[in-house]
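Enquirer:
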Amino acid sequence: MIARVLLSVGIVAASVGFTFLGIATSTYEMHENSRDIAYILMAGGIVASLVGLFWYRADESKHR
């Protein structure tokens, strides 16, 4: 159960980070703080989704 939540939240966080990066870089002045937050969201989302994916796969293979 937690693995599914971690996987879905990770994917959403990475997507939001990617969108936020587009917003931060599309203005006339680049907002460096916003860019840093976007990178953190993308990296954290990717890590969380990979952990959730491997955890889910391990639980599923254990039940077979």
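Here my numbering = 1-based position in the sequence shown + 943. We put the beta carbon where it would ideally sit given N, CA and C, even for glycine.
Exposed or buried, Met985, counting other C-beta atoms within 10 Å across all chains shown (16 or more means buried)?
Expert: buried
Enquirer: Can you tell me which of Arg947, Ile945, Gly960, Ala946 puts its alpha carbon nearest to the alpha carbon of Gly987?
Expert: Gly960
Enquirer: By the 10 Å Cβ neighbour count, where 16 or more other Cβ atoms means buried, how is Ala967 classified, buried or exposed?
Expert: When all chains shown are included, Ala967 counts as buried.
Enquirer: Is the beta carbon of Leu950 sitting closer than 7 Å to the one on Leu996?
Expert: yes
Enquirer: Who are the near neighbours of Ala957 in its chain, counting only those whose CB is closer than 6 Å to its CB and skipping five residues on each side?
Expert: Met985, Gly988, Ile989
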